[in-house]
Amino acid sequence: MVAPLDKAGFGVAVDRLVAADADLARIVADHGRPTFWTRPATFATLVLLILEQQVSLASGKAVFDRLRAAVGEVLPDTVAAMDRHDLRAVGTTRQKAEYVADLATGILDGSIDWATITTGDAAAARAALLAVRGIGPWTTDVWLLACRGLPDEWPIGDRALQVGCAEVVGHPDPLVRGDLVAVGRRWAPDRSSAARLVWHAYLARRSRAETVVEGLAPS
-16 MVAPLDKAGF GVAVDRLVAA DADLARIVAD HGRPTFWTRP ATFATLVLLI
34 LEQQVSLASG KAVFDRLRAA VGEVLPDTVA AMDRHDLRAV GTTRQKAEYV
84 ADLATGILDG SIDWATITTG DAAAARAALL AVRGIGPWTT DVWLLACRGL
134 PDEWPIGDRA LQVGCAEVVG HPDPLVRGDL VAVGRRWAPD RSSAARLVWH
184 AYLARRSRAE TVVEGLAPS
């Protein structure tokens, strides 16, 4: 199994990337080196990622904060005890309420392979995540990159990566699908670190910082 990326490994990867690629070197020259962060591979984090789907990170955080206020701690048993009306009341859509409830009950009854999602190898964890209702490629990619620390993830469905990567390489339009895949190949096998550099530049250009959720703060 590939060792998860840690702070030291990230530093080595950044050094390797900026030495080999002028576009990524320019990010560090203009905005400094990004801080390495991770998120815990927990049920609460996966719920947050579901709530962040197709909305701003701030909106997802707001709903998550209301959910946590309602249950005290976001755990499979506390969420499974809520009915769908209560889940909707914290601001989830009907569809996301179903996804979050199904995730909680699936972990509790064993129909979701939580051990593989949290500790399995990359291929097995990806398959287990994609088998869960409401979890698609974006959520899977971000989980594997940020929570599992896999070093060569490239979440092509992420809008900030699409826009930020175009800005980094000087393309006039956001890079999507095959175009983003093609650019990412330049940075393999360190695409997780390259994505972090691109996100760092994207946020810096907009005078924004990484979204911090209390209790799930980047470490």
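Residue numbers -16 to 202, in my numbering, belong to the letters of the sequence shown in order. All residues carry an ideal CB built from backbone N, CA and C; glycine is no exception.
Residue i CB to nearest chain B CB: under 8 Å?
i: Val(-15); result: Judged by its chain identifiers, the structure shown contains no chain B, having just a single protein chain.
Is it buried or exposed for residue i, if we count other Cβ within 10 angstroms and need 16 for buried?
i: Leu113; result: exposed
i: Thr18; result: exposed
i: Glu193; result: exposed
i: Ala178; result: buried
i: Gly15; result: exposed
i: Lys44; result: buried
i: Ala64; result: exposed
i: Gln145; result: buried
i: Arg189; result: exposed
Could you give the distance in angstroms between the alpha-carbon of residue i and the alpha-carbon of residue j?
i: Ser202; j: Asp69; result: Note that Ser202 scores 40 on pLDDT, short of 50, meaning its location in the model is unreliable; the coordinates nonetheless yield the value given after this. Rounded to the nearest angstrom, the two C-alpha atoms are 31 Å apart.
i: Val1; j: Ile90; result: 41 Å
i: Leu86; j: Asp124; result: 18 Å
i: Asp13; j: Leu34; result: 33 Å
i: Gln78; j: Ser94; result: 20 Å
i: Ala105; j: Leu127; result: 8 Å
i: Asp173; j: Gly(-8); result: 10 Å
i: Asp60; j: Asp156; result: 44 Å
i: Arg(-1); j: Trp182; result: 18 Å
i: Arg191; j: Leu40; result: 12 Å
i: Gly74; j: Ala52; result: 12 Å
i: Arg67; j: Asp6; result: 47 Å
i: Val(-3); j: Gly161; result: 24 Å
i: Ala8; j: Pro120; result: 29 Å
i: Pro(-13); j: Trp20; result: 12 Å
i: Ala111; j: Ala187; result: 35 Å
i: Val164; j: Gly140; result: 10 Å
i: Val209; j: Ser175; result: This structure gives no information on residue 209, because the portion of the chain shown stretches from -16 to 202.
i: Ala143; j: Thr28; result: 19 Å
i: Leu50; j: Asp96; result: 24 Å
i: Leu32; j: Asp92; result: 22 Å
i: Asp48; j: Thr122; result: 19 Å
For the putative contact between residue i and residue j, defined by C-beta atoms under 8 Å, what is the C-beta separation to the nearest angstrom?
i: Ala24; j: Thr99; result: Not quite, the Cβ-Cβ distance comes to about 12 Å (not below 8 Å), so this is no contact.
i: Gly147; j: Ala184; result: 6 Å
i: Arg22; j: Ala129; result: 5 Å
i: Ile10; j: Val151; result: 7 Å
i: Val(-15); j: Pro134; result: 6 Å
i: Gly167; j: Trp137; result: 4 Å
i: Trp170; j: Asp4; result: 7 Å
i: Phe26; j: Val46; result: Not a contact, Cβ separation roughly 16 Å.
i: Val38; j: Val62; result: The pair is not a contact, with the Cβ atoms about 19 Å apart (cut-off 8 Å).
Say yes only if the C-beta of residue i is nearer than 7 Å to one or more non-hydrogen atoms of the ligand ADP, and no if none qualify.
i: Val54; result: Ligands are entirely absent from the displayed structure, and the ligand ADP is therefore not among its contents.
(request) Taking only runs that begin and end inside the segment -1 to 63, name each unbroken alpha helix (DSSP H) of 4 or more residues, in chain order. (result) Complete alpha helix (DSSP H) runs here, min 4: 5 to 14, 26 to 35, 40 to 54, 59 to 63.
(message) Report the start-end ranges of each alpha helix (DSSP H) in the segment 64 to 119 that is 4 residues or longer and not cut off at the edges.
(response) Fully enclosed alpha helix (DSSP H) runs of 4 or longer: 67 to 72, 77 to 92, 97 to 102, 105 to 113.
(request) At 4 residues or longer, and completely inside the segment 125 to 186: list those alpha helix (DSSP H) runs for me, N to C. (result) Fully enclosed alpha helix (DSSP H) runs of 4 or longer: 142 to 152, 160 to 167.
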